[in-house]
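Notes follow the structure.
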Amino acid sequence: MHASQIPQSSGGVHKLCHQPTANFEQYYSPYHVVNNNSSDASSSGTQLSYQTQNEKFFTLDSLPDAGYASYDSPPAVSVSSNWSPFSPQCSQSYISDQHHSSDNTYGSPLSGCSVINDGNELKHVLREMANNLLGPGFDIDEDSSCSFNGEVSKPSKWNRVLEIAPSLDMKELLLACAEAISDVEVTARDAQMNVLEKKVSDADVTARDALMNVLEQKVSVSGEPMQRLSAYMLEGLKARIYSSGSNIYKMLKCKEPTGSELISYMQVLYHICPYYRFAYTSANVVIEEAMRNESRIHIIDFQIAQGSQWVFLMKNLALWPGGPPSVHITGVDDSQSAHARGGGLHLVGERLAKAAESCGVPFEFHAAAISGCEVQLENLQIRHGEALAVNFPYVLHHMPDESVTTANHRDRLLRLVKSLSPKIVTLVEQESNTNTSAFLPRFRETLDYYTAMFESIDAGRPGDDKQRINAEAHCVARDIVNIIACEGADRVERHEVFGKWSMRLTMAGFTPCPLSPSVGEAINGVLKEFSPNYRIAENKGALYLGWKNRALATSSAWR
1 MHASQIPQSS
11 GGVHKLCHQP
21 TANFEQYYSP
31 YHVVNNNSSD
41 ASSSGTQLSY
51 QTQNEKFFTL
61 DSLPDAGYAS
71 YDSPPAVSVS
81 SNWSPFSPQC
91 SQSYISDQHH
101 SSDNTYGSPL
111 SGCSVINDGN
121 ELKHVLREMA
131 NNLLGPGFDI
141 DEDSSCSFNG
151 EVSKPSKWNR
161 VLEIAPSLDM
171 KELLLACAEA
181 ISDVEVTARD
191 AQMNVLEKKV
201 SDADVTARDA
211 LMNVLEQKVS
221 VSGEPMQRLS
231 AYMLEGLKAR
241 IYSSGSNIYK
251 MLKCKEPTGS
261 ELISYMQVLY
271 HICPYYRFAY
281 TSANVVIEEA
291 MRNESRIHII
301 DFQIAQGSQW
311 VFLMKNLALW
321 PGGPPSVHIT
331 GVDDSQSAHA
341 RGGGLHLVGE
351 RLAKAAESCG
361 VPFEFHAAAI
371 SGCEVQLENL
381 QIRHGEALAV
391 NFPYVLHHMP
401 DESVTTANHR
411 DRLLRLVKSL
421 SPKIVTLVEQ
431 ESNTNTSAFL
441 PRFRETLDYY
451 TAMFESIDAG
461 RPGDDKQRIN
471 AEAHCVARDI
481 VNIIACEGAD
491 RVERHEVFGK
501 WSMRLTMAGF
511 TPCPLSPSVG
521 EAINGVLKEF
531 SPNYRIAENK
541 GALYLGWKNR
551 ALATSSAWR
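Here the sequence shown is numbered in UniProt numbering, starting from 1 and rising by one per residue.
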């Protein structure tokens with residue numbers, strides 16, 4: 001997710017910023033159309049297990065009491081375990097396993113299952129598929145090659161899979177395609193490094209291409225959620241095969257819609273999904289509470305977009321007993337946001353100044369029209385006597401870390417912010433692991449994460465809705481292609497799970513700031529407008545937003 005430019009429309013949120021939906025204009029996208037700044041940083045991410053729609057999900061009322069904070073009732077204490085109050089137990093051994101204790105950095109309160117914790121899941125899926133469809137005796141060994149009673153070669157494995165490929169569902173086909181591509185890549189890499197004498201076989205390449213042809217017959221951008229997701233993941237696989245991920249990504253940017261079209265597409269997603277509102281609503285509640293009784297406030301927003309988030313915060317500040325504080329906002333922005341907005345940051349400043357004047361809030365705006373990677377102290381206009389709040393909405397995952405560049409802008413930026421002694425820092429990020437993961441686990445993570453996201457989008461608009469199709473194509477597909485097809489600096493979608501963000505912030509000198517019950521109450525108000533399959537839970541100070549049993553985003557506060 002990336003806090004990009006998206007026109008916002010609100011609904012019921014915080015009790016003091018309950019505004020009509022039609023008035024929102026900010027574009028603030030967890031899906032956003034990414035810019036070409038490199039960012040990287042999620043190594044051991046959390047993958048939460050995906051459940052199909054036919055599988056049973058526990059209701060909150062039917063779950064055993066495990067001491068979790070649930071916001072179907074008023075928020076209470078924090079979750080103290082990684083096990084999910086929203087999903088069935090993945091295995092009894094998980095709960096009792098000491099290696100999956102509540103101290104597990106990458107755990108999520110929305111699921112006890114983790115693909116990262118089970119590195120063999122992809123092979124297990126293929127093995128299970130083989131057992132079910134190819135018969136007993138067909139197996140996949142530890143090197144992802146295949147044996148039939150120990151005698152069948154790898155090409156034979158793919159020949160057998162091809163025989164039953166038309167009967168496989170799309171998830172099985174996607175996994176098989178990814179495994180076949182990985183086989184070819186590993187063999188080619190090893191041959192290049194003289195690890196193996198043999199070269200990539202024609203049989204492997206033929207099987208790979210044949211599997212993708214079978215998959216292509218089943219996908220549709222106007223079909224069911226899995227058909228639509230498979231269409232975009234297939235494009236990512238094609239781009240990866242032909243080593244054109246970066247070129248396709250740049251081509252897509254060249255063909256990107258006009259600013260007004262992009263805002264329109266983002267507006268569609270804003271209305272049918274709660275991810276944008278989750279970000280700005282939770283941050284606004286935290287910032288307002290932290291700044292209570294302050295007379296001078298400075299907010300640095302590292303993804304200012306159109307700035308609508310702060311329009312609603314200023315309306316709340318105007319209601320403070322004794323009058324509102326003076327508000328100084330520094331907006332960090334890049335060319336991607338300017339494209340969607342249709343102009344520079346001066347447009348944001350003018351809009352916010354008018355909103356502040358109408359509320360009677362003393363206001364000043366400072367524009368920092370640069371990428372977050374380029375931000376230095378002199379760009380932030382820090383002043384003595386101003387209480388500082390810093391907002392990171394779906395943006396830090398685009399900052400390249402130590403795995404991309406020795407400059408490590410991700411941690412550098414956190415250390416810079418810490419040196420400013422902020423009163424509060426808000427962080428909202430996607431709960432996904434796509435930073436330093438190798439191709440296969442990253443593919444599986446992407447499949448799992450976006451399966452839940454596409455299901456949630458589908459709950460708001462039917463599959464054949466043209467506006468939804470455009471929104472997914474322009475605001476989601478490029479992220480998926482980038483994650484699957486690109487490597488190195490070209491891969492800019494590099495998410496980390498909350499456990500990893502927590503470590504980074506702690507190492508930078510921050511301490512977590514517990515969220516008050518009002519944050520959960522405000523988000524609960526937002527979720528009333530959406531499907532009941534959206535859930536929230538709190539764990540270790542972070543508020544998780546999930547679809548069914550899959551965590552999709554987290555919000556946290558630091559000081």
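Glycine included, every Cβ here is placed at the ideal spot set by N, Cα and C.
All values derive from a computational prediction rather than experimental measurement.
Discussion item. Quick check: the Cα distance between residue 350 and residue 306, rounded to an integer number of angstroms?
Written reply: Residue 350 and residue 306 have their C-alpha atoms some 10 Å from each other.
Discussion item. Pairs of beta-carbons, one from the stretch 205-222 and one from the stretch 180-187, closer than 8 Å: are there three or more?
Written reply: The stretch 205-222 vs the stretch 180-187: in contact.
Fill in: Backbone CA spacing between residue 472 and residue 541 [nearest angstrom]
The alpha-carbon atoms of residue 472 and residue 541 are separated by roughly 32 Å.
Worksheet entry | Beta-carbon proximity list for residue 382, same chain, < 8 Å, skipping 5 on both sides | Only 298, 388 and 420 meet the Cβ criterion.
Worksheet item: Is the CB-CB distance between residue 428 and residue 243 below 8 Å?
Response: Going by C-beta atoms, residue 428 is not nearer than 8 Å to residue 243.
Item to complete: For residue 508, I'd like the list of residues in its chain whose CB is within less than 7 Å of its CB, leaving aside the five on either flank, ordered along the chain.
Response: Excluding residues within five positions, the ones whose Cβ falls inside 7 Å are 411, 414, 415 and 418.
Worksheet item: Under the three-state reduction of DSSP, which class applies to residue 451: helix, strand or coil?
Response: If DSSP states are grouped into helix, strand and coil, residue 451 belongs with the helices.
Fill in: Sequence-distant residues of its chain with Cβ nearer than 7 Å to residue 240 (five each side left out)
By the criterion of a C-beta distance shorter than 7 Å, residue 240 is surrounded in its chain by 181, 484 and 485, once the five residues flanking it on both sides are discounted.
Fill in: Range of the contiguous beta strand (DSSP E) that encloses residue 554
It spans 550-558 - the beta strand (DSSP E) in which residue 554 sits, taken as one unbroken run.
Item to complete: Quick one: which unbroken beta strand (DSSP E) runs of 3-plus residues sit fully inside the UniProt region "Leucine repeat II (LRII)" (347-379)? Chain order, please.
Response: Entirely contained in the UniProt region "Leucine repeat II (LRII)" (347-379), the beta strand (DSSP E) runs reaching 3 residues are, in chain order, 363-368.
Item to complete: Spell out the partners DSSP gives residue 427 in its beta bridges.
Response: Residue 427 pairs with 392 and 556.
Worksheet item: Roughly how many angstroms separate the alpha carbons of residue 341 and residue 260, rounded to a whole number?
Response: When only Cα atoms are considered, residue 341 and residue 260 end up about 8 Å apart.
Item to complete: Can you tell me which of the three DSSP states residue 512 falls into?
Response: In the structure shown, residue 512 sits in a strand (DSSP, three-state: E or B).
Fill in: Inter-residue spacing [alpha-carbon to alpha-carbon] between residue 231 and residue 173
Distance between the alpha carbons of residue 231 and residue 173: 12 Å.
Practice prompt. For residue 467, I'd like the list of residues in its chain whose CB is within less than 6 Å of its CB, leaving aside the five on either flank, ordered along the chain.
Written response: These residues qualify, in order along the chain: 268.
Practice prompt. Could you check if residue 323 is buried or exposed, using at least 16 other CB atoms within 10 Å of its CB as the buried criterion?
Written response: By the Cβ neighbour-count rule, residue 323 is exposed, with fewer than 16 other Cβ atoms within 10 Å of its own.
Worksheet item: Who are the Cβ neighbours of residue 287 in its own chain at under 8 Å, not counting the five residues just before and after it?
Response: Annotation for residue 287: 299, 313, 389, 391, 424 and 426 place their beta carbon closer than 8 Å to its own, counting only its chain and skipping 5 residues before and after.
Item to complete: Go ahead and pull the three-state DSSP assignment for residue 535.
Response: DSSP, reduced to helix, strand and coil, places residue 535 within a strand of the structure shown.
Practice prompt. On the DSSP bridge assignment, give the partners of residue 328 in chain order.
Written response: Partner(s): 298 and 364.
Worksheet item: What three-state label does DSSP hand residue 242 in the structure shown?
Response: In the structure shown, residue 242 falls within a coil segment according to DSSP collapsed to helix, strand and coil.
Fill in: Own chain, CB closer than 7 Å to residue 361, minus 5 neighbours either side, in chain order
Correct list, in chain order: 314, 317, 318, 324 and 327.
Worksheet entry | Close-in-space but distant-in-sequence residues of the same chain around residue 165 (CB under 7 Å, 5 per side omitted) | Here the set comprises 173, 211 and 214.
Discussion item. Which same chain residues end up closer than 8 Å to residue 442 when comparing Cβ atoms and leaving out the 5 residues on each side of it in sequence?
Written reply: Closer than 8 Å at the Cβ level, and outside the excluded window around residue 442, lie 433, 434, 483 and 484.
Worksheet entry | Short Cβ contact (8 Å threshold) for residue 272 with residue 550 | For residue 272 and residue 550, no; Cβs fall outside 8 Å.
Practice prompt. Classify residue 385 as helix, strand or coil using the three-state DSSP reduction.
Written response: It is coil, neither helix nor strand.
Worksheet entry | Strand pairing of residue 544, partner residues [DSSP] | Note: residue 544 sits in a beta bridge opposite 537 and 554.
Practice prompt. Report the rounded CA-to-CA distance for residue 236 versus residue 185, giving the unit in angstroms.
Written response: Looking at the two C-alpha atoms, the distance is approximately 15 Å.
Worksheet entry | 8 Å Cβ shell around residue 375 - same chain, five flanking residues per side excluded | Within the same chain, and ignoring the five residues on either side of residue 375 in sequence, the residues whose Cβ sits closer than 8 Å to its Cβ are 302, 332, 368, 413 and 416.
Discussion item. Assuming residue 281 is part of the alpha helix (DSSP H), what are its boundary residues?
Written reply: 275-290 is the span of the alpha helix (DSSP H), which, as asked, contains residue 281.
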